[in-house]
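Asker:
In the numbering used here, the protein residues as written are 28 to 342.
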């Protein structure tokens, strides 16, 4: 961007990785011609607003992925349940032509398991249609699910870095507005009118406030997502038995041998044994989603070892 200080005429070259983004920015410039006439730096506010919208779509998609796992592990409030995402699409589009039949049955069934919080208040039909939920058979396979969760975690971490850049970009744009005024006064010209200056600066500050909200949302999503990773990792860990080396250590048949808990000593009031002398604490390999919820509610109520393990995993 090159600005003539005397009359504020401007020449700018804009490059975008996608042709669609370039067309959107060109259309936004036409719709906000008054801003560009008042201040050439209005182009920076237009580009900033365009990027902020794409970041909002991005964080919504990540939120849907995290909430899918929260619905699976029953770790979201029941009042946040999205009963019918198709009705959300109808309200967003304002059309009655969309019906469950227009959505793949498996996909529609999967999306009904999603939970919702106040995040997608501005959810659009395009954002829901672009979301590809995880099939149920993948949700039950920790070997496939964990890599997917780690990939999402990496994307969320990158999103936090992008939001930090967005805040710095907003500060740069606000400084640029002041630099133009300083340059004009340096050559004996009057500064920009307060209205022309505020027209751009206020738009930048507003978009910056949106990015600050997205930055907080990324932080929240990352914490919630990592708690789901801990929950899924609980399925993938093999059971640990005291003295277990792959072969029975007693005359008891392997089919009837009860795994023994590795925590010792245990209080009788916090530990129960079977008639055969084995620990009745559930092994990690046999835990279900309902058991996760039960253990989360009664951490340490059955076995001191399990209570401390759950506390360490922050479940």
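Glycine included, C-beta positions come from ideal geometry on N, C-alpha and C.
Tell me whether the beta-carbon of residue 73 lies closer than 8 Å to the beta-carbon of residue 56.
Answerer: A contact, by the Cβ cut-off of 8 Å.
Asker: On the CB-based measure, 16 or more other CB atoms within 10 Å of its CB, does residue 245 come out buried or exposed?
Answerer: Counting Cβ neighbours within 10 Å, residue 245 comes out buried, since at least 16 surround it.
Asker: Count the other CB atoms within 10 Å of the CB of residue 91; is the residue buried (16 or more) or exposed (fewer)?
Answerer: It is buried - the Cβ of residue 91 has at least 16 other Cβ atoms within 10 Å.
Asker: Does DSSP classify residue 29 as helix, strand or coil?
Answerer: The answer is strand: DSSP assigns residue 29 an E or B state.
Asker: Around the C-beta of residue 71, are 16 or more other C-beta atoms found within 10 angstroms, so that it is buried, or is it exposed?
Answerer: Buried, because 16 or more other Cβ atoms sit within 10 Å of the Cβ of residue 71.
Asker: From the DSSP output, which residues share a beta bridge with residue 43?
Answerer: DSSP output for residue 43 lists no bridge partner at all.
Asker: Taking Cβ positions, are residue 183 and residue 248 nearer each other than 8 Å?
Answerer: Yes, these two residues count as a Cβ contact at 8 Å.
Asker: Can you tell me whether DSSP reads residue 241 as helix, strand or coil?
Answerer: It is helical.
Asker: Taking three-plus beta-carbon pairs below 8 Å as touching, is the region 197-206 in contact with the region 222-232?
Answerer: Touching, yes.
Asker: Within 10 Å of its beta-carbon, does residue 179 have 16 or more other beta-carbons around it, so buried, or fewer, so exposed?
Answerer: Residue 179 comes out buried.
Asker: By DSSP's criteria, residue 37 is part of a beta bridge. Which residues make up the other side?
Answerer: Residue 37 pairs with 30.
Asker: Leaving aside the five residues before and after residue 217 along the sequence, list all residues of the same chain whose C-beta is less than 8 Å from its C-beta, in chain order.
Answerer: Once the five neighbours on either side are set aside, the close Cβ partners of residue 217 are 211.
Asker: So, residue 251 versus residue 93, is the Cβ gap smaller than 8 Å?
Answerer: Yes, these two residues count as a Cβ contact at 8 Å.
Asker: Please determine, among 188, 62, 176, 46, the residue with the shortest C-alpha to C-alpha distance to residue 95.
Answerer: Among 188, 62, 176, 46, the Cα nearest to that of residue 95 is on 176.
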